[in-house]
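**Student:** Have a look at the structure that comes next, please.
Number of protein chains: 2
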Amino acid sequence: MSALPADFFGEIDPPQRLLMGPGPANVHPRVLRAMSADVLGQFDPEMTAYMNQTMALYRRVFMTENRWTFLIDGTARAGIEAALASLIEPGARVLILRAGRFGMLLSEIAERLDADIRVIDVEWGQIATLGQIEAGLAAHRPAVFAAIHGDTSTTTAQPLDGVGALCARYGALSYIDATATLGGMPVRTDEWGVDVVSGGLQKCMGGPPGCAPITISDRAAAFIFSRRKVESGIRRDDLADGARPAIRSNYFDLSMIMEYWSEKRLNHHTEATSMLYAARECARVMLQEGLDARFARHEAAGRAMVEGLRAMGLTVYGQDAYRMTNVTGVHIPDGVDGERVRRRMREEHQIEIGSAFGPLAGKIWRIGAMGYNAEPDKVRRTLAALRDVLDGA
Amino acid sequence: MSALPADFFGEIDPPQRLLMGPGPANVHPRVLRAMSADVLGQFDPEMTAYMNQTMALYRRVFMTENRWTFLIDGTARAGIEAALASLIEPGARVLILRAGRFGMLLSEIAERLDADIRVIDVEWGQIATLGQIEAGLAAHRPAVFAAIHGDTSTTTAQPLDGVGALCARYGALSYIDATATLGGMPVRTDEWGVDVVSGGLQKCMGGPPGCAPITISDRAAAFIFSRRKVESGIRRDDLADGARPAIRSNYFDLSMIMEYWSEKRLNHHTEATSMLYAARECARVMLQEGLDARFARHEAAGRAMVEGLRAMGLTVYGQDAYRMTNVTGVHIPDGVDGERVRRRMREEHQIEIGSAFGPLAGKIWRIGAMGYNAEPDKVRRTLAALRDVLDGA
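So the sequence lines, in the order shown, correspond to chains D and S.
Each residue of the first sequence is one higher than the one before, starting from 617 at the first, in my numbering.
Each residue of the second sequence is one higher than the one before, starting from 617 at the first, in my numbering.
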């Protein structure tokens, strides 16, 4: 057995970084305190009351009346996979809007589910018009349409007004990933008319990574409940009864997870209690602030970031009209070593800013102001530090 | 929008229950404190140092030298599914030992993966002998063998000495679920010679639910890395190169998760930072206590529970030789309303004990003494409360 140091690596004692990248951001202290409460048994009436309260709170967060609004135990990516695995049958046609790294992730997951994948590909940093989306729906007649609301890889937010109604008209169920916008920009589930939306806590919700809130329309829930159940045994010959193919995952079988969160309380996993405490407190902080005030705070912080970067002579990436308010891309000036600047920001100023992926790797930094960090003083501190580092670069 | 109460349901403030069911158990205060630290960026050198330390700590916990020892972000069930989804190809033959509810879960997950399922079914509460396991391997020649170490549904621990060598002789990769035993009974990964073992924090590790430690042998890792990669795009025609079928999940693709935990640090999900802090502290607490002392503490608590229940004239379920040390089944006396007793234990004594599933539903209670709760005073308090409630029943 290989040796461990005598102190077993010491206590958890992280440096006090200011996390101004594309997420995670610093966690609201109230959320950290909520997580420090001891756990309860999963069917304790006090625990199931917390679960029901969390459902009610997230209906507000997702701006929806959807009964089925709850948490997936895993990171934001777990929420995406639970949605797609439950909505997509093998061979089903899926139309995916791809305009950045996370759009690519949707098609990667759909491929693993053996979907018949069709895509609307737009250049990174661009958006699709409602006309383009309708043309895709008309041409491909998919069973499922999937898109990203705010793709941090491009700092671009896809407008979604009218998308749900279009999908419904063409008979498609719709899925939206709102990981990077939930809590920071309006996620208008019911107004958009989309069927399933999932998010995370670690960006604008002011929580830690590891929990994926999700909301599901009755229409989508009915579809998911219509898929063949897989009991804890071997049943391979009951497709003749017309049931749809089973969901290929137990952990991501939303029909079972809904039954766990329903009055039936059917045992599935053991709810990740500490993360539920965190999610519940994130929503309480958000609703006490007020949705409009919160979105305005993110917008003001984002605008201050953009203006401050421009005032330094830097070129902001993307289009002002479709910019996410909570993360800003900025071109790395010619001759500047982007990674060296990031390292100096971290080491000299305790500030994290983000690098970029794919076609934008090495070309832009991504600077966030999310959740607890969407504050003028933190924007100013970040801009001042960046100016200091660039002056010395 | 439906109304929320004015106080938004108040702060998280759970009653102080003593959790003596089959898990979750109360969380060690050091672990709760570790989770109250703020998060770090996922590629921050301090964060990746915590990840590497966590790998080293869990090698000790799993009693292994396996390089690939890390965390799955999700509940213990997520660890099970990550292992099976990565080891089982569609159509692959899988031999599953089923002796309780969690053995049934293994076959349910395998069915969703379209495995060719063979089973060794033994009566609930019984174990399979090494001879039965060898006969199954010889008869079915499976690609994968899967079993549960301690199945809380039956409070029975399956002996695993020699199982890994047998599987290797018959060419099977082996998977063991140790959710309910890790941290309480010896999980001798290398001595057993098994390939993949996963666990959870919420039972004997003294942590909250929501994180699944896992360890993977080099042999199993090589197999998993040999499965076809799915890039973020559409590639459906490259099976001709002889690669094995892709893993059907992105979230549970252990090859990608290993690359995230390796020096390559390839981006996958964003690690659930607070749960990693919890997992790391659980392991530190365990290793500072010492493995032998910890196993002895659980054994003493379990023995005290069994003896105390018998001294009250109750009949303990199962066989003494194969009893899990951390959870005890006890028959509900004739004429006693088991659920009413559980409710009175909770309401009058703040103590949770467990009900049972399947063929044991309504027949036994399951009383745990796990992790932070495997202490003589907590066993005595539970026994005294049960005596009090039964005297008044």
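Idealized CB from N, CA, C, for every residue including glycine.
Computed from a prediction, not measured in an experiment: that's the story for all the values here.
Identify every residue that forms a DSSP beta bridge with Cys827/S.
**Tutor:** Partner(s): Asp689/S.
**Student:** For Ser769/S, is the classification buried or exposed, using 16 other Cβ atoms within 10 angstroms of its Cβ as the cut-off for buried?
**Tutor:** With 16 or more Cβ atoms within 10 Å of its Cβ, Ser769/S is classed as buried.
**Student:** Count the other CB atoms within 10 Å of the CB of Ala731/D; is the residue buried (16 or more) or exposed (fewer)?
**Tutor:** So Ala731/D counts as buried.
**Student:** Out of Lys880/S, Ala837/S and Met891/S, point me to the one whose CA is closest to Ser871/S's CA.
**Tutor:** Among Lys880/S, Ala837/S and Met891/S, the Cα nearest to that of Ser871/S is on Ala837/S.
**Student:** Go ahead and pull the three-state DSSP assignment for Leu882/D.
**Tutor:** Here Leu882/D sits in coil by DSSP.
**Student:** Taking the alpha carbon of Thr931/S as the point to measure from, which residue in Gly945/S, Leu656/S and Asp953/S has its own alpha carbon closest?
**Tutor:** Answer by Cα proximity: Gly945/S.
**Student:** According to DSSP, is Asp660/S helix, strand or coil?
**Tutor:** Coil at Asp660/S, not helix or strand.
**Student:** Between which two residues does the alpha helix (DSSP H) holding Tyr876/D run?
**Tutor:** Note, Tyr876/D: alpha helix (DSSP H), Leu870 to Trp877.
**Student:** Using 7 Å as the limit for Cβ to Cβ distance, is Ala650/D near chain S?
**Tutor:** Closer than 7 Å: yes.
**Student:** Measuring CA to CA, which of Met928/D, Gly918/D and Tyr933/D is closest to Lys994/D?
**Tutor:** With distances taken between Cα atoms, Lys994/D lies closest to Gly918/D.
**Student:** Taking any Cβ of chain S, which residues in the stretch 801-820 of chain D have a Cβ under 7 Å from it, in chain order?
**Tutor:** Taking 7 Å as the Cβ-Cβ cut-off against chain S, the residues of the stretch 801-820 of chain D that qualify are Gln818.
**Student:** Can you round the beta-carbon distance between Gly639/S and Ala828/S to whole angstroms, since I take them to be within the 8 Å contact cut?
**Tutor:** Not really, about 13 Å apart at Cβ, beyond 8 Å.
**Student:** Just to confirm, are His885/S and Arg982/D a CB contact at a threshold of 7 Å?
**Tutor:** No.
**Student:** So Phe718/S is in the alpha helix (DSSP H); what residue range does that whole segment cover?
**Tutor:** From DSSP, the alpha helix (DSSP H) with Phe718/S extends over Arg717 to Arg728.
**Student:** Would you tell me roughly how many angstroms separate the C-alpha atoms of Ile850/S and Val643/S, rounded to the nearest one?
**Tutor:** Annotation note: pLDDT 42 at Ile850/S (below 50); position unreliable, coordinate value reported separately. Going by the C-alpha atoms only, they are around 45 Å apart.
**Student:** For the alpha helix (DSSP H) that Ser890/D lies in, which residues bound it at each end?
**Tutor:** Per DSSP, Ser890/D belongs to the alpha helix (DSSP H) from Thr889 to Glu905.
**Student:** For a contact meaning CB atoms closer than 8 Å, what does Val846/S contact in chain C?
**Tutor:** The structure shown has no chain C; the protein chains it does contain are D and S.
**Student:** What are the start and end residues of the beta strand (DSSP E) that includes Trp981/D?
**Tutor:** It spans Ile980 to Gly984 - the beta strand (DSSP E) in which Trp981/D sits, taken as one unbroken run.
**Student:** Thinking C-alpha only, which one of Met651/D, Leu620/D, Ala650/D and Pro661/D is nearest Arg958/S?
**Tutor:** Among Met651/D, Leu620/D, Ala650/D and Pro661/D, the Cα nearest to that of Arg958/S belongs to Pro661/D.
**Student:** Got a sec: is the Cβ-Cβ distance from Glu662/D to anything in chain S below 7 Å?
**Tutor:** Yes, contact with chain S.
**Student:** Closer than 7 Å by beta-carbon distance: list the chain S residues that pair up with Ile628/D, in chain order.
**Tutor:** Ordered by position in chain S, the residues that pass the 7 Å Cβ test against Ile628/D are Ala650, Ala653, Tyr893, Arg896 and Glu897.
**Student:** What residues from chain D crowd round His885/S, counting only those whose CB sits closer than 7 Å?
**Tutor:** Chain D residues near His885/S: Thr691 and Arg693.
**Student:** Check whether chain D comes within 7 Å of Val647/S, counting only Cβ atoms and requiring the distance to be less than that.
**Tutor:** Output row for Val647/S: interface = no.
**Student:** Which one of Ala698/D, Leu999/D and Ile969/D has the shortest CA to CA distance from Gly815/D?
**Tutor:** The residue with the shortest Cα to Cα distance from Gly815/D is Ala698/D.
**Student:** Measuring straight from C-alpha to C-alpha, what distance separates Val952/S and Val901/D?
**Tutor:** Approximately 46 Å between the Cα atoms of the pair.
**Student:** Beta-carbon of Asn989/S versus every beta-carbon of chain D: anything under 7 Å?
**Tutor:** By this cut-off, Asn989/S is not an interface position.
**Student:** Given that a residue counts as buried once 16 or more other Cβ atoms are within 10 Å of its Cβ, and exposed if not, what is Ala856/D?
**Tutor:** Residue confidence is low: Ala856/D scores 48 on pLDDT, short of 50, so the model does not pin down where it sits. Its coordinate-derived value is still stated next. By the neighbour-count rule (16 or more Cβ atoms within 10 Å), Ala856/D is not buried but exposed.
**Student:** Does any residue of chain S have a CB that is nearer than 7 Å to the CB of Val943/D?
**Tutor:** It does not: the Cβ of Val943/D has no partner Cβ on chain S nearer than 7 Å.
**Student:** Can you pull the chain D residues whose beta carbon is under 8 Å from the beta carbon of Leu620/S, in chain order?
**Tutor:** What Leu620/S touches in chain D: Ala672, Leu673, Arg676 and Leu903.
**Student:** With DSSP as the reference, identify every bridge partner of Tyr791/S, one or two as the case may be.
**Tutor:** Tyr791/S is bridged to Ala762/S and Val812/S.
**Student:** Measure the CB-CB distance between Gly714/S and Asp737/S and report whether it falls below 7 Å.
**Tutor:** Gly is not the amino acid found at residue 714/S; the sequence shown has Arg there. Contact: yes.
**Student:** Strictly below 8 Å CB to CB, what residues from chain D border Asn682/S?
**Tutor:** In chain order: nothing, as chain D lies at least about 11 Å away.
**Student:** Do Ile725/D and Asn883/S have their C-beta atoms within less than 7 Å of each other?
**Tutor:** Against a cut-off of 7 Å, the Cβ pair of Asn883/S and Ile725/D comes out as no contact.
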